[in-house]
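Novice:
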Amino acid sequence: MKYDINWLLTKHITNDNEKLKYIFFWGHQPKKDGRISESCFSQWWPAPFIVDNITYKTAEHYMMAEKARLFGNEQLVTQIIDSQSPAEAKKLGRMISNFDEASWNSNKYQIVCEANYYKFSQHPDLKTFLLNTGNRILVEASPVDTIWGIGMAKTDENIYNPVCWKGENLLGFALMEVRDRFQ
């Protein structure tokens, strides 16, 4: 893991003369005019991709299928892949038997990095959007997610202060690693 909250806090504390630049995202819908927005960074953004001849409807589908695969739940893998929405895939991912939290914590970040690598590499428009973020820090401003997001909304007065964040921002950091792979 190249990026994490400790990396960011160190950068935040030592960057007195240079203001860090962030891109905050949450939600998974395109703009009303159909243009791509920061919402494309969501695991739920509808951008199907193929891995080993299997089509995953979203990065969430891939993450949950890999989670089921990790714990030997092959029947659930198929159900997740066939599910019609990322919400359904997520719900199925919570039904995994033999789940081991330590094992999941050791593997989840790399799984999400891979999901997003496949997603962005197979959608040139999304890849260009990601690359155009430059070296900005990508932040999932989800007020409800303290693992993949920061547990705060975009409108929070402390959004630009990572010391105040309530979450780990794993999705934002994973996307930054994917961006690095493309550069």
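397 is the number of the first residue of the sequence shown in my numbering; add one for each residue after it.
All C-beta atoms in this analysis are idealised placements derived from N, C-alpha and C, irrespective of residue type, glycine included.
It should be emphasised that the depicted structure is a prediction, and the values quoted were computed from it without experimental measurement.
1. Excluding the five sequence neighbours on either side, which residues of its own chain have a C-beta within less than 8 Å of the C-beta of CYS509, listed in chain order?
2. Tell whether a beta-carbon distance below 9 Å holds between LEU534 and PHE578.
3. For PHE421, which residues does DSSP report across the bridge?
4. Bridge partners of ILE543, per DSSP?
5. Just how far apart, CA to CA, sit HIS408 and ILE401?
6. If you count every other CB in all the chains shown that lies within 10 Å of the CB of GLN439, and 16 or more means buried, which is it?
7. Would the stretch 539-548 count as touching the stretch 475-484 if we require 3 or more Cβ pairs under 8 Å?
8. Based on Cα-Cα distance, which residue from ALA461, GLN518, LYS427 lies nearest to ALA485?
9. Where does ILE546 land, buried or exposed, given buried means 16+ other C-beta within 10 angstroms?
10. Which residues in the same chain as TYR513 place their Cβ atom closer than 8 Å to its Cβ, once the five residues preceding and following it in sequence are excluded?
11. Give the range of the alpha helix (DSSP H) segment to which PHE437 is assigned.
12. Among TRP403, LEU405, ILE419, ASN411, which has the Cα closest to the Cα of ASN528?
13. What's the gap between the Cα of ASN494 and the Cα of ARG465?
14. Which residue comes first and which comes last in the alpha helix (DSSP H) that contains VAL559?
15. Pick helix, strand or coil for ILE555, following the three-state DSSP scheme.
16. Could you give the distance in angstroms between the alpha-carbon of THR454 and the alpha-carbon of LYS550?
Specialist: For this structure:
1. ALA570, GLU573, VAL574
2. no
3. GLU536
4. For ILE543, which the question treats as bridged, DSSP gives no partner whatsoever.
5. 10 Å
6. buried
7. no
8. ALA461
9. buried
10. VAL574, ARG577
11. No alpha helix (DSSP H) contains PHE437, which DSSP labels as neither H nor E.
12. ILE419
13. 11 Å
14. Unbroken run through VAL559: none, as it is neither H nor E.
15. coil
16. 24 Å
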